[in-house]
Amino acid sequence: MIRKTFSLLLLPALVFAVSLDGWMDVQTGGDSLSPEPGRLELGGMLRSENWTLILEEQYSHEDSSGIVPRILNTYSQTDIDLIVHVGPVTINPDLCWTVDLGDKPELVLPVQAGVAYREGFIRPGLSLEANLFEVGHLFVKGLYWNRDLRQDDDSDLAWTETRISAGQSYEVSGFTISMSGLYHKTNSDFIDYESAWGRLDIALSTVPQSLPANMFINGDVTYSFYDGSDFNDHDIADRLTSRVRLVQMIIPSVSVNTTFESVIDFDDGVTRSACTSAESRILYHFMRSREVPSVITLSGKLSTSSIRTERAVLFSRINFYRGLSILLNAEARCTPTMVAGASATRKRIIFGPGLEYQLGTTLRVWGIIEQERTDLEEVEVWWRVRTGLEFYPGSLSL
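Here it is as C-alpha cells:
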C-alpha cells in the first residue's frame, strides 16, 4: 500500500518532468575598417516529453566604412518557438521580432516610390505537420510579416507580407516524392502597391541504401512552376533545381564531402543557366585520443550565376596541451566589387594564427589575429582581431 501511494505521488512529477538547457555564443573583434563588429546569441530550451519551447535572442553589429562599403546590419532579433507533439501531429507556432538599431539600412521601393529605411519587423507563424502511414507526410505553414519601413518624413509604409504553403510527401521504392504549393502576397497601402506570386514544386529525392558502409549519396531534383511577377514587373521564370551530395570516408581519419548544384530557368521558351555551383570539403582528424582531437579542414567553392565567386579555406586546430589548441586560418576569395576606382573583381587573401581553449562541452574560448590583403584602387593591407566565447552549462532536469 505504501509503495502504491508513493507511486501515485510521483505520477504528477513524472508527467510534468521537464529539462532546461541554455547556451551563449559571443563573437567580437575589430579593425580599422570595421570597428567593433560582433554578435551575441543567447538561447534557452524547455523540453518535456510532448513539447519543446525554445527562446533565442541574437544581437548583431556590423557597420560600413569609406574603403569597403558594407550593408548596415545592426539589429536585435528575438525568436520564440513552441513545438507540440500530439500523436502523429506536430503543431509549431512561432514568433520572430527584429529591431534594426543604429543607422537604418536603405531599401529601394517598387513603383518608383523612392527609398525607405528599414526599422524592423514582427513575424508570427504557424505550421502543422502529420506523419500518416497511408498518405505519407503532410504539412501546412503560414507566415505573416508586419514590416516597419519609413520614409524621410517618418511616414509608415504599412508594409505587410503573407505566405502560405502546404504539401505532401511519401516514399516509394527508395524514393521520396513530394508536391507542395506556396502563395506569397506583398501589400503596402501607403504607396498603393500590391504584388502576389505563387509556386508549385514537384520534387524527387533518393538516398541509395545499397552502398559501401563508408559512402553516403543524396540526390534530389525539383521543378518549380511560378505564377506571378517580381518587383520589376517581370514574369518569374519556371525553375529546375538539381543537387547531388556525396560523402566518402577514404580512410577512418579522412573524409570528403562534395555537393554539386545546378539551377536552370525556363523563361518564355528561353532556357538559361541561373546558377551552377560545386563545393567540396576534406576533413583530416588526428590525435583523437587527446582531450580535444585535432583537425585540418580544406574546403573550396565555385559558383557562377549573374556573377562568379570563388572561395578556398584552410582551417586547422592542433591540440597543444589538454584543452589548449593552436588555430590557423587561411582564406582566399575572388568576388565582384562595386568599390569606386577598383576593378570589377576583388581578390582577397586572409590568414592568421590563434589560440583556443575548450573545457569539455561546457566552455570554448578562442581568439585569432588575421591579416587581410585585397586589391582595391591599390593593394590594401590591414589587421583584425576576432575573439569568441561559447558557453553551454548542460541540461538541468526539473
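Residue numbers (our numbering): 245 to 642.
The C-beta atom is built at its ideal place from N, Cα and C for all residues, glycine as well.
The segment 473 to 492 contacting the segment 509 to 520, beta-carbon criterion three pairs below 8 angstroms: yes
Buried versus exposed call for W627 [16 or more other C-beta atoms within 10 Å across all chains shown]: Taking the first residue of the sequence shown as 1, we reach residue 627 at position 383. Label assigned to W627: exposed.
Selection from V328, P337, I327, Q302 that minimises the alpha carbon distance to S320: Residue numbering aside, residue 320 sits at position 76 when the sequence shown is read from its first letter. Cα-wise, what sits closest to S320 is Q302.
From W341, L299, T503, residue whose alpha carbon lies closest to that of D325: In the sequence shown, residue 325 corresponds to position 81, counting from 1. Nearest of W341, L299, T503 to D325, Cα basis: L299.
Check whether L401 and I435 have beta carbons under 9 angstroms apart: The sequence position of residue 401 within the sequence shown is 157, counting from 1. The sequence position of residue 435 within the sequence shown is 191, counting from 1. Yes; because the gap between Cβ atoms is below 9 angstroms, this pair is in contact.
Cβ-Cβ distance between I461 and L455 below 9 angstroms: Counting from 1 along the sequence shown, the entry for residue 461 is found at position 217. Counting from 1 along the sequence shown, the entry for residue 455 is found at position 211. Yes, the pair counts as a contact, with Cβ atoms nearer than the cut-off.
Complete beta strand (DSSP E) runs within the segment 539 to 614 (minimum length 3 residues, chain order): 552 to 565, 568 to 580, 589 to 603
Exposure label - A440; buried when at least 16 CB within 10 Å: On the sequence shown, position 196 is the one that residue 440 refers to. Answer is exposed; the Cβ neighbour count stays below 16.
Residues near A374 in its chain [Cβ-Cβ closer than 7 angstroms; skip 5 each side]: For this step, residue 374 is matched to residue 130 along the sequence shown. Within the same chain, A374 has close Cβ partners P332, V333, L382.
Integer-rounded CB distance, given that E614 should sit under 8 angstroms from F595: For the purposes of this step, residue 595 is taken as residue 351 along the sequence shown, with counting starting at 1. For the purposes of this step, residue 614 is taken as residue 370 along the sequence shown, with counting starting at 1. With a Cβ gap of about 7 angstroms, F595 and E614 count as contacting.
Reference I562; option with closest CA among P537, N573, V583, L546: Here residue 562 is taken as the residue at index 318 of the sequence shown, counted from 1. I562 has its Cα closest to that of P537, out of P537, N573, V583, L546.
The segment 596 to 606 / the segment 575 to 582 touching (three or more Cβ pairs under 8 angstroms): no
Three-state secondary structure assigned by DSSP to F377: Counting from one through the sequence shown, the residue named residue 377 turns up at place 133. Note: F377 maps to coil in three-state DSSP.
Residues that T318 bridges to, as DSSP identifies them: As a working note, residue 318 is residue 74 in the sequence shown. T318 pairs with nothing; no bridge assigned.
Three-state secondary structure (DSSP) of N431: Counting from 1 along the sequence shown, the entry for residue 431 is found at position 187. Strand, per DSSP.
Which of helix, strand or coil DSSP assigns to G282: For the purposes of this step, residue 282 is taken as residue 38 along the sequence shown, with counting starting at 1. Strand.
Residue nearest to H529 in terms of C-alpha spacing, selected from G544, T503, F559: Numbered from 1 along the sequence shown, position 285 holds the residue referred to as residue 529. If we check each option's Cα against that of H529, F559 comes out closest.
Nearest candidate by alpha-carbon position, reference D269, set Y467, S304, A261: The sequence position of residue 269 within the sequence shown is 25, counting from 1. Of the candidates Y467, S304, A261, the one whose C-alpha sits nearest the C-alpha of D269 is S304.
Local Cβ density within 10 Å of Y655, reported as buried at 16 or more and exposed below that: The requested residue 655 is not part of the displayed model; the chain covers only 245 to 642.
Expected contact under 8 angstroms - CB spacing of G274 and V629 to nearest Å: Counted from its first residue, the sequence shown places residue 274 at position 30. Counted from its first residue, the sequence shown places residue 629 at position 385. Indeed, because the Cβ distance is near 7 angstroms, the residues count as touching under 8 angstroms.
Three CB pairs or more closer than 8 angstroms across the segment 518 to 529 and the segment 544 to 560: yes
Cβ shell of S517 (< 7 angstroms), same chain only, five flanking positions each side left out: The residue you call residue 517 lines up with position 273 of the sequence shown. For S517, where only same-chain residues beyond five positions count, the Cβ hits under 7 angstroms are I508.
Check whether L290 and L284 have beta carbons under 9 angstroms apart: Counting from one through the sequence shown, the residue named residue 290 turns up at place 46. Counting from one through the sequence shown, the residue named residue 284 turns up at place 40. No, Cβ-Cβ distance for L290 and L284 is not below 9 angstroms.
Cβ separation of G369 and G386, assumed to be a contact under 8 angstroms, to the nearest whole Å: Stepping through the sequence shown from its first residue, residue 369 is reached at position 125. Stepping through the sequence shown from its first residue, residue 386 is reached at position 142. Sure, about 6 angstroms apart at Cβ, within 8 angstroms.
Contact under 9 angstroms by Cβ, G380 with Y427: In the sequence shown, residue 380 corresponds to position 136, counting from 1. In the sequence shown, residue 427 corresponds to position 183, counting from 1. Their beta carbons are not under 9 angstroms apart, which means G380 does not touch Y427 by this criterion.
Residues sharing a beta bridge with M368, DSSP: Position 124 of the sequence shown holds residue 368. It is Pro, not Met, that sits at residue 368 in the sequence shown. Bridge partners of P368: L339.
Q271: first and last residue of the uninterrupted beta strand (DSSP E) it sits in: Numbered from 1 along the sequence shown, position 27 holds the residue referred to as residue 271. Taken as a continuous stretch (DSSP letters only), the beta strand (DSSP E) holding Q271 covers 263 to 275.
CA-to-CA distance, R608 to L253, given in whole angstroms: In the sequence shown, counting from the first residue as 1, residue 253 sits at position 9. In the sequence shown, counting from the first residue as 1, residue 608 sits at position 364. Caution is warranted here: a pLDDT of 39 is assigned to L253, below 50, making its placement in the model unreliable, and the coordinate value is therefore given only provisionally. Straight-line Cα distance between these residues: approximately 42 angstroms.
Host beta strand (DSSP E) of D643 (start-end): A query on residue 643 cannot be resolved here, the shown segment of the chain reaching from 245 to 642 and no further.
Separation of Y388 from N336, as counted between CA atoms: Position 92 of the sequence shown holds residue 336. Position 144 of the sequence shown holds residue 388. For N336 and Y388, the distance between alpha carbons rounds to 15 angstroms.
Neighbour flag for I540 against chain C, beta carbons, 9 angstroms: Going by chain labels, chain C is absent from the structure shown, which holds only one protein chain.
Inter-residue Cα distance where the pair is T553 and E293: One-based indexing of the sequence shown puts residue 553 at position 309. One-based indexing of the sequence shown puts residue 293 at position 49. Taking the straight line from one Cα to the other gives about 46 angstroms.
Spatial distance of G287 from G266 (CA atoms): Locating residue 287 in the sequence shown gives position 43, where the first residue counts as 1. Locating residue 266 in the sequence shown gives position 22, where the first residue counts as 1. Computed Cα separation, rounded: 6 angstroms.
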